[in-house]
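Engineer:
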Amino acid sequence: MLDLQRREFIVKGSVALAGIAGLHASLAYAFPTSSGEEVIPWLDQPTENPDPAGIQSQLVWEDLDTWITPNDKFFSISHFNRPTIDETTWSMEIGGLVRKPLKLTLADIRARPRQEVVFTVECSGNHGFPFFTGGIGNARWAGTPLAPILEEAGVHEKGIEVVFFGTDTGEVPIRDVKMKQNFARSMSLADAMNPDNLLCYEMNGAALPASNGFPVRLIAPGWYGIANVKWLKRIEVRDTRFMSLLMARDYVTIREEDHNGETVWAETSVGRALLKSAPAKVTRKGSDYRIIGAAWGAPIDRIEVQIDQGPWASTTIDHSEEAEHAWKIWSLTWANPSAGEHTVTSRAVSTAGQIQPAMNDPLIAKKHTYWESNGQVTRRVRI
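Numbering (UniProt numbering), first residue to last: 1 to 383.
#1: Helix or strand or just coil, what does DSSP make of residue 384?
#2: According to DSSP, is M247 part of a helix, a strand, or is it coil?
#3: Could you check where the alpha helix (DSSP H) with P362 kicks off and where it finishes?
#4: Secondary structure at N374, three-state DSSP: helix, strand or coil?
#5: So, helix, strand or coil for N212, using DSSP?
#6: Going straight from the alpha carbon of P148 to that of I219, what length do you get?
#7: Using CA coordinates, which residue listed in A326, A280, N126 and A278 is at the minimum distance from Q56?
#8: Taking all protein chains shown into account, do 16 or more other C-beta atoms lie within 10 angstroms of the C-beta of G319, making it buried, or fewer, making it exposed?
#9: From K233, A142 and A207, pick the residue whose C-alpha is nearest to that of R185; which is it?
#10: Taking buried to mean at least 16 other C-beta atoms within 10 Å of its own C-beta, is A348 buried or exposed?
#11: Quick check: the stretch 137 to 148 against the stretch 190 to 201, are at least 3 beta-carbon pairs closer than 8 Å?
#12: In this structure, how does DSSP classify N81 when only helix, strand and coil are distinguished?
#13: In three-state DSSP terms, what is K328?
#14: Out of curiosity, what's the CA-to-CA distance linking T167 and D44?
#15: Would you check if there are 3 or more beta carbon pairs closer than 8 Å linking the stretch 273 to 289 to the stretch 371 to 380?
#16: Quick one: residues in its chain with C-beta nearer than 7 Å to the C-beta of A206, no 5 flanking neighbours on either side, listed in chain order?
#17: Under a three-way DSSP split, which group does T369 fall into?
#18: Pick out whichever of I160, V229 and N138 has its Cα sitting closest to the Cα of N182.
#19: Going by alpha carbons, who is nearest to residue 390 out of A190, D108, D176 and N212?
#20: Which residue's Cα is closest to the Cα of K180: T333, M243, G170 and H156?
#21: Cutting at 6 Å between CB atoms, please list the residues of its own chain near E93, excluding the five before and the five after it.
#22: Just to confirm my understanding: we take S91, look at its own chain, exclude 5 residues before and 5 after, and list those with CB closer than 6 Å. What are they?
#23: What are the boundary residues of the beta strand (DSSP E) that includes E256?
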């Protein structure tokens, strides 16, 4: 994959590109449902993807017309190689600081209690680059809960960190040393024990596609995509924080903070998803126009839209299909737009009162890496 982890991209007041899809609307359908309704393409389209092997199947927002993202249109990212795995010989170890190490085959995992979750997965780098605006998708994931397996293995009292290793490997240079490493991410034991976390083997009712982690991956609802480790090989409990390439050196957000007039540089590992929304498309039927989009990353109270720096207007949220960890689709009737070019910006407000930050908010403007790009998304359209 293109070495995105080592490149800095300063996300400041520039217009970000949008990206998402939606579901069936209630009062106003979220997507065209009859002949004569058309999508007006955005003027600001993503630039050419320089890494088609590493970044695959980005969503094309204007084309999407379903709440659930089809498997063949779901984005996929690989940081190392894309392994080919034989399910008949595959197994996964659970070890480290546990009293009863386990080795599970796919049949063993499938024999355990089955659980489903609808979860919108977003890459934390989504909207961080002009070519990367489609790193998001919504799917129905199925597998077995992780927590009972950790309980069965019996975590030692000193165990505080759970590390998830993928089958995919790559050569990692650190100073003058080069080493072959498996993809690995970790979370605290408390976070790993969340009952929503799954050892997932199904996506939208079918076996996981190879590009999305076959035969088993971690699904951790509420976390950015990087935490949802694909092609699982081993789960290991440790007594210290795990500082790997993708925990402590890359996928680290660097931000300026003001402490009593002094600039302090904060570095934090990317983890939980952040509140975000984006306009998905503008549709027209005759002289009627609508703006459609989605919001995700936190419990949503409302979504507002601003056209051409005008006042913020409330949207209608579609409640016909909902799930706790899935995006919400919204729409706004755009009455009598004037001919010419317009800008469309959306912002989400959580049930806790948090507002999606503007691009000039210090949370975004003083962020010097492209991860966690949850600033307000603005699109351009010509009527």
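Heads up, the beta-carbon is just placed ideally off N, CA and C, and yes, glycines get one too.
Structural biologist: Here's the rundown:
#1: Residue 384 cannot be examined here, being either before or after the span of the chain that is shown, 1 to 383.
#2: What you label residue 247 is simply residue 247 of the sequence shown in a count that begins at 1. Three-state DSSP puts M247 in a helix.
#3: Looking up residue 362 in the sequence shown gives position 362. Note, P362: alpha helix (DSSP H), P362 to A365.
#4: Within the sequence shown, numbered from 1, the residue matching residue 374 stands at position 374. If DSSP states are grouped into helix, strand and coil, N374 belongs with coil.
#5: As a first step, residue 212 must be located in the sequence shown, where it is residue number 212. N212 falls in the helix class under three-state DSSP.
#6: Here residue 148 refers to the residue found at position 148 when the sequence shown is read from its first residue. Here residue 219 refers to the residue found at position 219 when the sequence shown is read from its first residue. Their Cα atoms are separated by approximately 15 Å.
#7: Taking the first residue of the sequence shown as 1, we reach residue 56 at position 56. The option with the nearest alpha carbon to Q56 is N126.
#8: Your numbering for residue 319 matches position 319 in the sequence shown. Note that residue 319 corresponds to His in the displayed sequence, not to Gly. That one is exposed.
#9: As a position in the sequence shown, residue 185 is number 185, starting the count at 1. Among K233, A142 and A207, the Cα nearest to that of R185 belongs to K233.
#10: Numbered from its first residue, the sequence shown carries residue 348 at position 348. So A348 counts as buried.
#11: yes
#12: Counted from its first residue, the sequence shown places residue 81 at position 81. Residue state, collapsed to three classes: coil.
#13: Counting from one through the sequence shown, the residue named residue 328 turns up at place 328. It is a strand residue.
#14: Reading the sequence shown from its first residue, position 167 is the one you call residue 167. Reading the sequence shown from its first residue, position 44 is the one you call residue 44. Cα-Cα distance, rounded: 37 Å.
#15: yes
#16: To locate residue 206, count along the sequence shown from 1; it is residue 206. Excluding positions up to five away in sequence, the list reads N71.
#17: For this step, residue 369 is matched to residue 369 along the sequence shown. If DSSP states are grouped into helix, strand and coil, T369 belongs with coil.
#18: Along the sequence shown, one-based indexing puts residue 182 at 182. Considering only alpha carbons, the answer is V229.
#19: Within the shown structure, residues of the chain are numbered from 1 to 383, placing residue 390 beyond reach of any answer.
#20: For the purposes of this step, residue 180 is taken as residue 180 along the sequence shown, with counting starting at 1. When only C-alpha atoms are compared, the closest one is G170.
#21: Taking the first residue of the sequence shown as position 1, residue 93 is located at position 93. Excluding sequence neighbours, E93 sits near K103 and R234.
#22: By 1-based counting over the sequence shown, the position of residue 91 is 91. Closer than 6 Å at the Cβ level, and outside the excluded window around S91, lie K103 and T105.
#23: Here residue 256 is taken as the residue at index 256 of the sequence shown, counted from 1. That run of the beta strand (DSSP E) goes V252 to H259.
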